[in-house]
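Colleague: Numbering (the numbering used here), first residue to last: 51 to 195.
Beta carbons: idealized from backbone N, C-alpha and C, even for Gly.
Let me begin by handing over the structure; questions about it come next.
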């Protein structure tokens with residue numbers, strides 16, 4: 051089951067966070083405001099150095115190695131969204147690669163955050179995608195559907 055309805059923050063709130071990000075690292079302040087809960091694990095690292103981003107999260111919880119939910123998330127994305135995939139830390143199946151990046155860019159997505167594996171890292175770098183993942187892994191995932 052996929053929930054395609056996303057409660058989005060007001061654009062001026064997102065812009066306010068972008069303005070703060072230009073001047074300081076805001077991760078700790080945001081975590082403190084949320085009672086130091088709901089933050090991602092410290093193991094999350096950018097695939098490429100120097101990436102900082104702010105956007106509305108479109109979240110996905112995957113089942114096994116099925117990519118259907120990740121594709122559906124891209125389908126409901128709007129400009130400046132960030133796809134966040136909970137793959138349960140899977141490193142045996144890549145939940146993101148060059149094809150997903152191209153689909154996401156066509157929807158205006160600015161980043162993908164994955165608690166698991168991705169593939170096509172160099173290809174993603176070449177198309178200048180803002181991209182985050184805990185791992186870079188080359189296994190092929192199941193086909194869409």
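Counting only the same chain and skipping the five closest in sequence on each side, list residues whose C-beta sits under 7 Å from that of residue 153.
Modeller: So the qualifying residues of the chain are 124.
Colleague: Which residue from 105, 101, 72 and 93 puts its Cα closest to that of residue 63?
Modeller: Minimum Cα distance to residue 63 is reached at 105.
Colleague: What does the alpha-carbon distance come out to for the pair residue 117 and residue 65?
Modeller: The alpha-carbon atoms of residue 117 and residue 65 are separated by roughly 31 Å.
Colleague: I need the DSSP call for residue 143, collapsed to helix, strand or coil.
Modeller: It is coil, neither helix nor strand.
Colleague: Among 160, 68, 142 and 168, which one has its Cα closest to the Cα of residue 128?
Modeller: The shortest C-alpha separation from residue 128 is found at 160.
Colleague: Ordered along the chain, which non-local residues of its own chain (more than five positions away) have a Cβ less than 6 Å from that of residue 111?
Modeller: Excluding sequence neighbours, residue 111 sits near 136.
Colleague: Look at residue 151 and residue 172 and say whether their C-beta atoms are less than 9 Å apart.
Modeller: Not in contact: residue 151 and residue 172 (Cβ atoms no closer than 9 Å).
Colleague: Could you check which residue in 144, 165 and 78 has the C-alpha nearest to that of residue 93?
Modeller: Ranking 144, 165 and 78 by Cα distance to residue 93 puts 165 first.
Colleague: Over what stretch of residues does the alpha helix (DSSP H) that includes residue 104 continue unbroken?
Modeller: Unbroken run through residue 104: none, as it is neither H nor E.
Colleague: Select from 103, 115 and 83 the residue whose C-alpha is nearest the C-alpha of residue 69.
Modeller: Of the listed residues, the one whose Cα sits closest to residue 69 is 103.
Colleague: Considering only the alpha carbon of each residue, which of 141, 76 and 131 lies closest to residue 61?
Modeller: Checking every option, the nearest Cα to that of residue 61 belongs to 131.
Colleague: Taking the continuous alpha helix (DSSP H) assigned at residue 64, which residues delimit it?
Modeller: Here the alpha helix (DSSP H) through residue 64 covers 61-73.
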